Amino acid sequence: MALDLDIAAIAGQLEHQRVDDFKRSNAAALFEGLLMATANQLQPTQQDFEARVDILRRLEFLIREIDVCKGLAIKPFGSFLSNLYTPWGDLDITLMPLEPAPLSRSKKTKILKSIHDALLQAGGAIRVQVLFRPRVPLLMFEDAWWRISCDISVSNTDAVFKSHALGLIVGMDLRCRQLIFLVKCWAKAQCINDPKMGTLNSYALSLLVIFHLQTRNPPILPPLSAIIGQGGASADGFHYLNRIAEFTERGFGKGNTSSVAELFVSFFGQFSAVEELWIQGLAVCTFRGQWGDKTTTDPAWASKNYALLVEDPFDLSENCSRSVHQGSLQHVCKAFRLTHELLCDKFSYWFLGKLKETLFRWPHASPRPCFHPSRPGIEQLREHVSLNASRKNDRPEKQKKGKKQVKQ
Numbered sequence: 008m009a010l011d012l013d014i015a016a017i018a019g020q021l022e023h024q025r026v027d028d029f030k031r032s033n034a035a036a037l038f039e040g041l042l043m044a045t046a047n048q049l050q051p052t053q054q055d056f057e058a059r060v061d062i063l064r065r066l067e068f069l070i071r072e073i074d075v076c077k078g079l080a081i082k083p084f085g086s087f088l089s090n091l092y093t094p095w096g097d098l099d100i101t102l103m104p105l106e107p108a109p110l111s112r113s114k115k116t117k118i119l120k121s122i123h124d125a126l127l128q129a130g131g132a133i134r135v136q137v138l139f140r141p142r143v144p145l146l147m148f149e150d151a152w153w154r155i156s157c158d159i160s161v162s163n164t165d166a167v168f169k170s171h172a173l174g175l176i177v178g179m180d181l182r183c184r185q186l187i188f189l190v191k192c193w194a195k196a197q198c199i200n201d202p203k204m205g206t207l208n209s210y211a212l213s214l215l216v217i218f219h220l221q222t223r224n225p226p227i228l229p230p231l232s233a234i235i236g237q238g239g240a241s242a243d244g245f246h247y248l249n250r251i252a253e254f255t256e257r258g259f260g261k262g263n264t265s266s267v268a269e270l271f272v273s274f275f276g277q278f279s280a281v282e283e284l285w286i287q288g289l290a291v292c293t294f295r296g297q298w299g300d301k302t303t304t305d306p307a308w309a310s311k312n313y314a315l316l317v318e319d320p321f322d323l324s325e326n327c328s329r330s331v332h333q334g335s336l337q338h339v340c341k342a343f344r345l346t347h348e349l350l351c352d353k354f355s356y357w358f359l360g361k362l363k364e365t366l367f368r369w370p371h372a373s374p375r376p377c378f379h380p381s382r383p384g385i386e387q388l389r390e391h392v393s394l395n396a397s398r399k400n401d402r403p404e405k406q407k408k409g410k411k412q413v414k415q
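Quick note on the numbering used here: the sequence shown kicks off at 8 and runs consecutively.
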């Protein structure tokens, strides 16, 4: 895999060159303003927060009346707990035993079935179904009042811990939280943020952003091994806090003054540059903060024929992008590649409104493309930019001809 890593290094050099060109252009300041304004406009409102709290409260009240749920408490996890959620994001919930005790798979399934029946009887929930997944049995429904999709699991201790730890880690640098939020909004708009459709889940997207910040020069975030250690998801939370405090006090990452706009552009540059290397087993490893492959990741991955490898820093045996298959990987890579090409075209910044609409499907209520769009919005904008750029270049020549005719 040494050759592949050399190729990745060369691709990184090309990416840095493109970012340097972007920094020197007048577009950087304009694009920074656009991204910050967009992020502020897309941020969850107080009502979005209260809606999720209301769902948790009503579920807590519901399970009190279910005998099999005695001794269990409702706990949110995922992006809501990490404070990385979007207004349209799902709400991940798990039922945790008040007293630590192992629960069998059959017990978990019985609990979810009981909640399923109670939701149907009480009303207020639609599309209620239990999925008997091999890994984690899941109850899915949509809240009828708030129209928020919810996933309920039982005793998902590791997920709660990871979510809390991730929130602490991304809080080390404000740019990390901002970039994750923008990338998630972009991914949703491009239809590549849905593991049920074979694309990336939000956790994997967050890890891609963290990896990007780890591999800047100088780095903005440290390798997560320096924070997590060898404890993984079983480590003490205070251990995390102490390590993060140490890095914060040292001012780690402050030496890198890249703006969010520059990091947004370089993010797509980095991952579009290695598009051809995924099939060779290139892996994103935030634990070590550097590229890996099938020889440096879990040996069991070699037999599973994963299309994309994103290592879970809290459990190195887990591939966070296992939902991505070869067919959907092409769609994901295309979205990254076209976005990077668009952002590196100086003419794109002549049409900031169009650029905003294309990247984030602005306004939010505007139609989104189908899963495999025949003419993606990015391609349409590129044609629009190219056409108007050529017209603008032709304009001075036409004006000169017009002046000559007047003189005659």
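Ideal Cβ positions, reconstructed from N, Cα and C, are used throughout, including at glycine. Predicted model, so just to flag it, every value in this text is computed and none were measured.
Item to check | Residue environment, residue 337, which counts as buried when at least 16 other CB atoms sit within 10 Å | outcome: exposed
Next on the checklist: Counting beta carbon pairs with one atom in the segment 220 to 228 and one in the segment 252 to 265, are three or more of them shorter than 8 Å?
Outcome noted: yes
Next on the checklist: Taking the straight line between their C-alpha atoms, what separation do you get for residue 378 and residue 198?
Outcome noted: Residue confidence for residue 378 is low, a pLDDT of 37 falling below 50, so the modelled location carries little weight and cannot support an answer.
Next on the checklist: On a Cα-Cα basis, can you pick out the residue from 301, 46, 347 that is closest to residue 275?
Outcome noted: 347
Checklist entry - Based on the DSSP secondary-structure assignment, which residues constitute the bridge partners of residue 160? => result Per DSSP, 101.
Checklist entry - Apart from the five residues on each side of it in sequence, which residues of its chain come closer than 7 Å, Cβ to Cβ, to residue 67? => result 81
Checklist entry - Count the other CB atoms within 10 Å of the CB of residue 219; is the residue buried (16 or more) or exposed (fewer)? => result A residue is called buried once 16 or more other Cβ atoms fall within 10 Å of its Cβ, and residue 219 is buried on that count.
Next on the checklist: Helix, strand or coil for residue 266? Go by DSSP, reduced to three states.
Outcome noted: coil
Next on the checklist: Rounding to the nearest angstrom, what Cα-Cα distance links residue 210 and residue 37 in this structure?
Outcome noted: 30 Å
Next on the checklist: DSSP three-state label for residue 43, please.
Outcome noted: helix
Checklist entry - On the three-state DSSP scale, how would you describe residue 323? => result Here residue 323 sits in strand by DSSP.
Next on the checklist: Whole angstroms are fine: how far does the CA of residue 287 sit from the CA of residue 167?
Outcome noted: 33 Å
Checklist entry - For residue 226, does the three-state DSSP call read helix, strand or coil? => result coil
Next on the checklist: Does residue 381 pass the burial test, meaning 16 or more other C-beta atoms within 10 Å, or should it be called exposed?
Outcome noted: Because the pLDDT of residue 381 is 37, which lies under 50, any placement of that residue in the model is unreliable, and the question is left without a value.
Checklist entry - Span of the beta strand (DSSP E) holding residue 199? => result Element bounds for residue 199: n/a, residue is neither H nor E.
Checklist entry - For residue 83, which beta-bridge partners are listed by DSSP? => result 100
Checklist entry - Nearest-angstrom Cα distance between residue 53 and residue 94? => result 10 Å
Checklist entry - In chain order, which beta strand (DSSP E) runs of at least 3 residues are fully inside the segment 315 to 366? => result Uninterrupted beta strand (DSSP E) stretches at least 3 residues long and entirely within the segment 315 to 366 occur at 316 to 319, 322 to 326, given in chain order.
Checklist entry - When the Cα atoms are used, what is the spatial distance from residue 236 to residue 39? => result 35 Å
Item to check | Where residue 107 falls, given that 16 or more other Cβ within 10 Å makes a residue buried | outcome: exposed
Checklist entry - On the premise that residue 146 lies in contact with residue 137, defined as a C-beta separation below 8 Å, what is that separation, rounded to the nearest angstrom? => result Confirmed, about 5 Å.
Item to check | Rounded distance between the beta-carbons of residue 301 and residue 307, thought under 8 Å | outcome: At roughly 10 Å, the Cβ-Cβ gap does not stay under 8 Å, so residue 307 and residue 301 are not in contact.
Next on the checklist: In the DSSP output, which residue or residues are listed as bridge partners for residue 137?
Outcome noted: DSSP output for residue 137 lists 146 as bridge partner(s).
Next on the checklist: Quick check on the burial criterion: 16 or more other C-beta atoms within 10 angstroms. Buried or exposed for residue 1?
Outcome noted: It is not possible to answer for residue 1, since the shown part of the chain is limited to 8 through 415.
Item to check | Reduced DSSP category for residue 54 - H, G, I as helix; E, B as strand; rest coil | outcome: helix
Checklist entry - According to the Cβ coordinates, are residue 175 and residue 248 closer than 8 Å? => result yes
Checklist entry - Per DSSP, what kind of secondary structure is residue 5 in: helix, strand or coil? => result Past the boundaries of the shown model lies residue 5; the chain is included only from 8 to 415, so the question cannot be answered.
Next on the checklist: If you reduce the DSSP assignment to three classes, tell me which class residue 65 lands in.
Outcome noted: helix
Checklist entry - Counting along the chain, where does the beta strand (DSSP E) carrying residue 2 start and finish? => result For residue 2 there is no data in the structure shown, the boundaries of the chain being 8 and 415.
Next on the checklist: Rounding to the nearest angstrom, what Cα-Cα distance links residue 153 and residue 264 in this structure?
Outcome noted: 40 Å
Checklist entry - Do you know how far the Cα of residue 293 is from the Cα of residue 196? => result 25 Å
Checklist entry - Can you give the beta carbon distance from residue 289 to residue 323, rounded, assuming they're within the 8 Å contact cut? => result Contact doesn't hold; Cβ gap of about 16 Å is too wide.
Checklist entry - Is residue 350 buried or exposed, if buried means 16 or more other CB atoms sit within 10 Å of its CB? => result buried
Next on the checklist: Mapping the DSSP letters down to three states, classify residue 211 as helix, strand or coil.
Outcome noted: helix
Checklist entry - Would you call the CB atoms of residue 74 and residue 85 closer than 8 Å? => result no
Item to check | DSSP bridge partner residues for residue 132 (one or two, in chain order) | outcome: 150
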